Amino acid sequence: MGWQSWVVSTVSFMLSYGTPLLLATLGEIYAERSGVLNLGIEGMMIMGAYTAFVTAYLTKSPWVGLAVAAGVGCAFSLIHAFASITLRANQVVSGLALTFLGLGLSGVLGRSWGGKPLPHSLPQITVPVLADIPILGPMLFEGHVAVEYAAILLVPIMWFILFKTRIGISIRAVGEDPATADSLGVNVKRVRYLCVAVGGLLAGTAGGYLSVAYRPAWTEGMTGGMGWIVIALTIFAFWNPVMGLVGAYLFAALYHLSFRLQPWVSLEILQALPYVFAILVLVFISLGSLRKRMGSPAALTIPYTREEE
Amino acid sequence: MTAASIHIRSFLQEGTRFIAGALHFLKGTGMKSEPVLSTLEMKGIVKRFPGVLANDGVDFDVRAGEIHALLGENGAGKSTLMKVLYGMYSPDEGQILINGKPVTLRSPLDAISHGIGMIHQHFMLVPTLTVAENVALGLSSSRRIVLDLDRVTEKVHELSEAYRLRVDPSEEVWRLSVGEQQRVEILKALYRGADLLILDEPTAVLTPQDVDELFNTLRTMSEEGHSLVFISHKLPEVLRLSARATVLRDGRVAGSVMTNAVSQADLACMMVGREVLLRIDHPDVERGDVRLMLDGVHADGDRGFPSLCGIDLEVHAGEILGIAGVSGNGQRELAEVIAGTRSISAGTVTLNGEDMTQWSTHRRLEAGIAHIPEERMVDGAVQEFSVEENLILKNHGHAPYSRGIFMNFKAIAAMADRLIQRYDIKTPSRQTQIGSLSGGNMQKLILAREISRNPDVLIAAQPTRGLDIGATEFVHQQIVAQRADGTAILLISEDLDEVLSLSDRIAVMYEGSVVGVVDRKSATANEVGRMMAGGGCEAAGARSLAPVSEPSAG
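Taken in sequence, the protein lines are chains A and B.
Going by the numbering used here, the final residue of the first sequence carries number 1786, and the count climbs one at a time with no gaps.
Going by the numbering used here, the final residue of the second sequence carries number 1725, and the count climbs one at a time with no gaps.
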């Protein structure tokens, strides 16, 4: 095999395996930007994967499956939102609970579905004309599903909303200094609920993508720790959607290469890379002056209480 | 920002501008030219908290164009009253009338819509957002969902020119000095069309020059018909700026007076309910040997930039050396290198002739250094510990308080009771968590702990910041008494009046250097103020290195 097939297969894999990572990371960026750490990504993703598979199997429509996955992810995230925003519970505990709930629930409910292939998976698109371009064509415009392109499109949109709109400024203010935002009439709880719900929606979609497109079947625990990589990627991305894209695809590419490079580098080392990156980023942004510019939202994990309550 | 993002932005802005085009002519962004609030009355305001009657039938009124001072000790109910006015608390009884009509203010948003603005003592600014973004936060944009930051910037420019509030709208707030942050707060309120502005101790963190500038702005505002409520502890300022003053004591109005008819002593007496010593008795004490000496001390600040650039200082026994300067010019770092919590990169620190540069914090404590830290809540006391545990923090390893690994709780309790009584610390018991004490009582506790160790050198950093008159008087008395006992005292304070009245000599810090040392007998506020702004009395070369450390805003 020449270098061309290496590049084509790597980039092509990057697009498909990177998509669920990207979707969930975008969602987690919004949740954390508003000050809510959601460690339940894994749980929401696996519930999305399970419900998408079952719905797609029964309705014969992968699109309905994907929509249901988004809804279930969203509903699941609201459990976390209620516990951490309304009840002001510890976000770490509540998020972890969500992960274990999702893994357990999908495991129990999915027992009889295990191993069944999904006859109706998301259609793979071949973009006319563009697919004929050498190298680029087979790499980017052949054999991908619409969700993968939609995820890329979502990046500039979510970046724009976060940095250039009223709602974005409210989200960032709520995550940095909820008391100030509150004093200016921003509804802190509403913004946080909204962001956590968006996070759940995208995590559910990411899970759904896994079971109706990436690998059209249901296997217990099929998310395989992706949710944790998303948490690391969110930090790696400096809570910025554009960097989220870079991180998700970079990790997907590394993951792919980890199989190909196995003769030379151990799989475990390559799989640990995103976490190493996350730690390096944490060290990097802890360096004094960078903290304010690029660091984590100041009110992350801190429940907001009005003085009088 | 990348070129692509600017393109995307302008493209989307064009689109939304087209849609919202007609609307934004009709709907301004909240800036009003004519003040609409002409009178405000608060009648019989009662506000209860569990166990406390914070406001007990308070009457208060403000007229258009008036600067009205609100005075009172900590806990007298000033903040509660103003939070009621700003919609943060709902009163249990009483009513608020605007232009003679009763209104209900359920939230700050209600208050803002009635033309009431408030500038909190701890600024309500999001540090990572720019000035313009902070102003725009919570407002509806003229372009619907998309931000109209260029428009906000333009209006901020107009306002800052009209009221002489110099500030760069595109700067991120965390980079601004405390004075600039305050200007942003005022701009924010003006932008929202505030006719009545409540200022909670606005001068607490400013230099004399910044205070002058602020007062000019406030006077301009009042001439244009804005009403201002000015909360302050500093009586000279109250008399200088305001036309009328209302004094609260224990949740009730102790009096409302025209300021041209009263003296500082009258106001202090109304606040405290007894005669107060405003002048600090400063008896002659014979200056002893050099206790503390700094020789060419360099140190880095939190961000790794040099924040002390060759400090030479001497403090003698029985002397108070005052350090004046605007916040963030190296004062905090100076206190820390002496206490041992910050390492120095060059130079020596000497205690009683012994080089203690390499000593640990613990060894310095044992050798007789006492430190009243600037951040008393964070560095001065453990919030979750009880009063007695906090009192024993620095002595728990000594007899009679411990033997081997065992604590002697009887001795500790006896010591705690003695100090609580001697230093008049108001606490329900010695086992109360210190976090529930008032600022004044917490400071008394820290003072008691440090002084009771009979130190050779006492570093007092901002010892009266945020304290009321009664507690301030007490702290000052204790510091002067230490001086009489022969302690060498380094008094670091941003309150210039305090430095001038307590110190024997005054060293002025600017950008990490001592720009001059003056004797109290010859020092004037004007001269020291000029030096604080960087006009050194000798060489200008002393301030060649320019890193100003981060202003401590909270």
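Idealized CB from N, CA, C, for every residue including glycine.
From a predicted model like this one, the values you see are computed outputs, not experimental measurements.
Check, Outcome
"Chain-ordered residues of the region 1660-1685 of chain A with a beta carbon less than 9 angstroms from chain C", "Reference to chain C is not applicable here, since the protein chains of this structure are A and B."
"Sequence-distant residues of the same chain with beta carbon closer than 8 angstroms to Leu1662 of chain B, five excluded per side", "Ile1491, Leu1492, Gly1493, Ile1494, Ala1631, Pro1634, Ile1650, Glu1669, Val1670, Leu1673, Ser1674"
"Interface positions of the region 1688-1712 of chain A facing chain B (Cβ-Cβ less than 9 angstroms), listed along the chain", "none"
"Residue range of the unbroken beta strand (DSSP E) whose run includes Val1461 of chain B", "1461-1471"
"Simplified DSSP state of Met1213 of chain B, which is helix, strand or coil", "strand"
"Any C-beta of chain B under 8 angstroms from that of Thr1782 of chain A", "no"
"Phe1754 of chain A (DSSP reduced to helix, strand or coil)", "helix"
"Leu1336 of chain B (DSSP reduced to helix, strand or coil)", "coil"
"Three-state class that DSSP yields for Ala1225 of chain B in the structure shown", "strand"
"Length at least 4, wholly inside the region 1541-1606 of chain B: the alpha helix (DSSP H) runs in chain order", "1558-1563, 1580-1593"
"Interface flag, Thr1657 of chain A vs chain B, CB-CB below 8 angstroms", "yes"
"Assigned secondary structure, Arg1636 of chain B (DSSP; H/G/I helix, E/B strand, else coil)", "coil"
"Proximal residues of chain A, C-beta to C-beta of Leu1308 of chain B below 8 angstroms", "Ile1646, Ser1647, Ala1650, Thr1657, Ala1658, Leu1661, Val1663"
"Residue-level contact to chain B via CB, Thr1642 of chain A, 8 angstroms cutoff", "yes"
"DSSP three-state assignment for Thr1528 of chain B, whether helix, strand or coil", "coil"
"Other residues of its chain near Val1497 of chain B: CB distance less than 6 angstroms, five sequence neighbours each side excluded", "Thr1378, Met1703"
"Contacts that Glu1653 of chain A makes with chain B (C-beta to C-beta distance below 8 angstroms)", "Val1297, Pro1298, Thr1299, Leu1300"
"Sequence-distant residues of the same chain with beta carbon closer than 6 angstroms to Val1624 of chain A, five excluded per side", "Tyr1686"
"Any non-hydrogen atom of the ligand MG within 7 angstroms of Ser1600 of chain B CB", "Among the components of this structure there are no ligands whatsoever, and the ligand MG is therefore not found."
"Reference Gly1495 of chain A, options A:Phe1736, A:Ile1706, A:Val1753, closest by Cα", "A:Ile1706"
"Burial state of Phe1530 of chain A (16 or more Cβ within 10 Å)", "buried"
"Residues that DSSP places opposite Gly1744 of chain B in a beta bridge", "What is shown of chain B runs 1172 to 1725, which leaves residue 1744 of chain B out entirely."
"Beta carbon proximity, Val1317 of chain B to chain A, threshold 8 angstroms", "yes"
"Cross-chain neighbours of Pro1340 of chain B in chain A, by beta carbon under 9 angstroms", "Simply none; closest approach about 14 angstroms."
"Buried or exposed by the 16-neighbour rule on C-beta atoms within 10 Å, applied to Asp1371 of chain B", "buried"
"Segments assigned beta strand (DSSP E), at least 3 residues, entirely inside the region 1383-1422 of chain B", "1398-1402, 1415-1420"
"Cβ neighbours of Met1213 of chain B in the same chain (closer than 6 angstroms, five flanking residues each side left out)", "Phe1231, Ile1267"
"C-beta contact flag for Cys1440 of chain B and Ser1684 of chain B at 8 angstroms", "no"
"Any chain A beta carbon closer than 8 angstroms to Glu1304 of chain B", "yes"
"Any C-beta of chain A under 8 angstroms from that of Pro1132 of chain B", "Nothing can be reported for residue 1132 of chain B, as the shown portion of chain B is limited to 1172 through 1725."
"Sequence-distant residues of the same chain with beta carbon closer than 8 angstroms to Ile1640 of chain B, five excluded per side", "Glu1244, His1404, Ala1439, Met1442, Val1443, Val1447"
"Residues that Pro1279 of chain B contacts on chain A, provided the C-beta gap is smaller than 9 angstroms", "Asp1659, Ser1660, Leu1661, Gly1662"
"Ala1619 of chain B: first and last residue of the uninterrupted alpha helix (DSSP H) it sits in", "1610-1622"
"Neighbouring residues, chain A, relative to Ser1623 of chain B (Cβ below 8 angstroms)", "Those within 8 angstroms of Ser1623 of chain B in chain A number zero; the least Cβ separation is about 35 angstroms."
"Distance between Arg1676 of chain B and Ser1693 of chain B (C-alpha atoms, nearest Å)", "10 angstroms"
"Between the CA atoms of Lys1359 of chain B and Gln1352 of chain B - distance to the nearest angstrom", "10 angstroms"
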